[in-house]
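Contents: one structure, followed by commentary.
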Amino acid sequence: MSDQTVTESIDTYGYDDALEALRQTAQAMAIMQAVSLAVAAQEDGSVRYDNNNFSRWQPAVDAACARVRVVRDALLNKANIPDGVDWVTSLTILEAAGAALWHTVGDLHGDTALESEQLQSLAEAAMDSLGVMYEELSNVAGDLSRGAV
1 MSDQTVTESI DTYGYDDALE ALRQTAQAMA IMQAVSLAVA AQEDGSVRYD NNNFSRWQPA
61 VDAACARVRV VRDALLNKAN IPDGVDWVTS LTILEAAGAA LWHTVGDLHG DTALESEQLQ
121 SLAEAAMDSL GVMYEELSNV AGDLSRGAV
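Have a look at this one:
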């Protein structure tokens, strides 16, 4: 019988992870910017859809959530993760926006419908939070590129 040595590979958070996190965060910001612009155009009548309810933007908000979840998963599932990256705030705002939009699906009376100003406010808050997250991730990427982490 031979001795077998089991070697575990520990996946550590590195520069490539930080770059991927930056890419995902930038995409989430772009999605929310597009949602904000589309809602403004929908509100002022520049564009009109067959289904002109603002709930139509819920899948886009979900796509932004998915990108933040990719960042979250890398931060939670690797060793040597950087401190100070606040993904929680961005994901919370995006998930709240998605839930509010989902809740308005099929609302015919408008009693619970999310108003354009509310959706634009949520989009702005999400973009601000994502901007902070992007800056934090940029700092992490810079530190990793210099070997400071």
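Counting in our numbering, the sequence shown runs from 1 upward without gaps. No residue lacks a Cβ here, since even glycine has one placed at the ideal position from N, Cα and C. From a predicted model like this one, the values you see are computed outputs, not experimental measurements.
C-beta atoms of residue i and residue j nearer than 9 Å
{"i": "Leu122", "j": "Ala96", "result": "yes"}
{"i": "Glu136", "j": "Asp86", "result": "yes"}
{"i": "Val71", "j": "Gln24", "result": "yes"}
{"i": "Gln118", "j": "Ser36", "result": "no"}
{"i": "Tyr15", "j": "Ser145", "result": "yes"}
{"i": "Leu94", "j": "Ala28", "result": "yes"}
{"i": "Val39", "j": "Phe54", "result": "yes"}
{"i": "Ala64", "j": "Ala126", "result": "yes"}
{"i": "Val132", "j": "Thr92", "result": "no"}
{"i": "Leu22", "j": "Ser138", "result": "yes"}
First and last residue of the uninterrupted alpha helix (DSSP H) at residue i
{"i": "Glu11", "result": "It is Asp, not Glu, that sits at residue 11 in the sequence shown. Careful: Asp11 lies outside any alpha helix (DSSP H) and carries neither H nor E."}
Nearest-angstrom Cβ-Cβ length linking residue i and residue j, presumed shorter than 8 Å
{"i": "Gln58", "j": "Leu101", "result": "4 Å"}
{"i": "Ala60", "j": "Val140", "result": "No, Ala60 and Val140 are not in contact; Cβ-Cβ is about 27 Å, not under 8 Å."}
{"i": "Asp155", "j": "Lys78", "result": "Because the chain spans 1 through 149 in this model, residue 155 falls outside it and cannot be assessed."}
{"i": "Gly98", "j": "Asp62", "result": "5 Å"}
Report the residue ranges of all alpha helix (DSSP H) runs contained in full by the segment 51-121; include only those spanning at least 4 residues, in chain order. Every unbroken stretch of the alpha helix (DSSP H) spanning 4 or more residues and falling wholly within the segment 51-121 is given here in chain order: 58-76, 88-103.
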